[in-house]
Amino acid sequence: MLVHSRTGRWAARALFAVLFVPLFALPLLVILAASFSTHWSGAFPSGPTTAHYTAAVRGESLQALTTSLVTALTASVLALTAGTWAALTAAALRKRGRRVLDALFVLPVAVPSVVVGLAVLVAFSQPPLLLNGTRWIVILAHTVLVTAFAYQSVSAAILRLDPMYEQAAASLGARPSYVLLRVRLPLLLPSLNAAAGLCFALSMGELSATMMLYPPDWLPLPVLVFTATDRGSLFTGSALAVLLMTATLLVLLAVSRIRTKASYR
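So for the sequence shown, our numbering puts the first residue at 6; every next one is plus one.
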C-alpha cells in the first residue's frame, strides 16, 4: 500500500469503505434482499420467501441461464482466438499499421452496443450470410463486442514480454511455429486467462444488442431479467439477477484459479 503511516492507512480504508459501500455494495445487497422478499415495507423489502429462487432454477429461467452460459463461453473462445491472433499480428506491424488495427478493434466499444446490434442485424439479414433469427447472430454480436477487450489485454501483455526468451529459442534452431506455441503463448497464458474472464463477464451481462437480435428459442438471462422487471415483477427479477451474478462469479473464480496456477509456471 502506498500509504506508510498507520493513521494514513486507516484513513484510506475508511475512505474506501465510505465510497465502496453506498456506490457498489449497497445496491447489490438490496437486490439480494429483494430476491428473498414478497413486498416492500417502508424503505426495505420484507416478507421472507424462497419461492422466487424455486422458480428461477427451473423451466424458462433455467433455460435462459443455460443460453447465457453457452453464448458467453462461445463468444469468449471466439473473441480470445481472434483477439490473440490480431494482437500477435499487430506486434509484427509497423507503428502506423498497429494504430490502424487498434482503431478497428476499439471501434465496437467506442459506440453504444445497440449500434453494434443494429449493424449486425443489417449485415446478416440477407444471403449469403443469413443469420437473422438464429442463435448465431447473438453469439456473433457478443463476439464483436468483447473481442476488443481480448485484443487490448493480449496486446498489452505482448509489449511486456522479454524478447530474450524467443531469441534464445530461435538461436537454438526452434522453428517460428515452435517458438509461438511453446514459448510465446505459455508466457502469455496468465493474460489470456484474464482476457477470457473479462470477455465472459461482459458477455453474460450484455443486454442492449441482445434485445435487438435474440430469436424466441434463444433467450439469454439478462433479457429475462429485463422483461420481468418491465412487467413489474421486481422480486422475481431480483432473484434472476442474483442467479446471473452467481453463475458469472463462479466461472470467474474458476478462471482466476487457472490464472493463478499459470502465473507460477
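By construction, the Cβ of each residue, glycine as well, lies at the ideal position given by its N, Cα and C atoms.
If you follow the beta strand (DSSP E) that residue i is part of, which residue opens it and which one closes it?
i	result
Ser176	Here Ser176 belongs to no beta strand (DSSP E); instead the alpha helix (DSSP H) covers Pro168 to Ser176.
Ser51	Phe49 to Ser51
Trp223	Here Trp223 belongs to no beta strand (DSSP E), and DSSP marks it neither H nor E.
Ser160	Not the beta strand (DSSP E): Ser160 falls in the alpha helix (DSSP H), residues Arg140 to Arg165.
Ser2	Outside the displayed span of the chain (6 to 270) sits residue 2, for which this structure offers no information.
Assign residue i to one of two classes, buried (16 or more other C-beta atoms within 10 Å of its C-beta) or exposed (fewer than that).
i	result
Val4	Residue numbering for the chain in the displayed model covers 6 to 270; residue 4 lies beyond these limits and cannot be assessed.
Arg262	exposed
Glu65	exposed
Ala153	buried
Arg104	exposed
Trp15	exposed
Thr72	buried
Trp223	buried
Phe41	buried
Arg189	buried
Leu135	exposed
Ser51	exposed
My understanding is that residue i touches residue j, with C-beta atoms under 8 angstroms, so please give their C-beta distance in whole angstroms.
i	j	result
Ala233	Leu218	Wrong, their Cβ atoms sit about 20 angstroms apart, outside the cutoff.
Ala84	Thr148	5 angstroms
Leu109	Leu98	With 8 angstroms as the limit, Leu109 and Leu98 do not qualify as a contact, their Cβ atoms being about 12 angstroms apart.
Within the same chain, show all residues whose beta-carbon is closer than 8 angstroms to that of residue i, passing over the 5 residues directly before and after it, in chain order.
i	result
Val228	Ala69, Leu212, Thr215, Met216 and Tyr219
Gly122	Ala146, Ser213, Ala214, Thr215, Met216, Met217 and Leu218
Leu257	Gly202, Phe205 and Ala206
Is it the case that the Cβ atoms of residue i and residue j are separated by a distance below 9 angstroms?
i	j	result
Gly102	Ala95	yes
Ala80	Val151	yes
Val82	Ala201	yes
Ile36	Ser243	yes
Leu186	Ala162	no
Leu255	Ala61	no
Pro225	Val143	yes
Name the two residues that bound the continuous alpha helix (DSSP H) containing residue i.
i	result
Ser10	Segment: none, Ser10 is in no alpha helix (DSSP H) and carries neither H nor E.
Arg101	Lys100 to Ala115
Ala84	Gly64 to Ala96
Gly122	Ser118 to Ala128
Pro32	Leu31 to Ser40
Ala179	Premise fails: Ala179 is in no alpha helix (DSSP H) and is neither H nor E.
Thr215	Ser213 to Leu218
Pro27	Looking at the DSSP string, Pro27 is not in any alpha helix (DSSP H), and its letter there is neither H nor E.
Gly210	Leu190 to Gly210
If I measure Cβ to Cβ from residue i and keep anything under 6 angstroms in the same chain, skipping five residues before and after, which residues do I get?
i	result
Ala77	Phe205, Ser208 and Met209
What residues in its chain sit with their C-beta under 7 angstroms from that of residue i, if we drop five residues either side in the sequence?
i	result
Arg165	none
Asn137	Leu126, Phe129 and Ser130
Phe240	Ala39, Ser40, Ser42, Thr43 and His57
Val159	Gly88, Thr89, Ala92, Leu193, Ser196, Leu197 and Ala200
Ala267	Unreliable positioning characterises Ala267 in this predicted model, as indicated by a pLDDT of 49, which lies under 50. The coordinate reading is nonetheless provided below. The residues are Leu194, Pro195 and Asn198.
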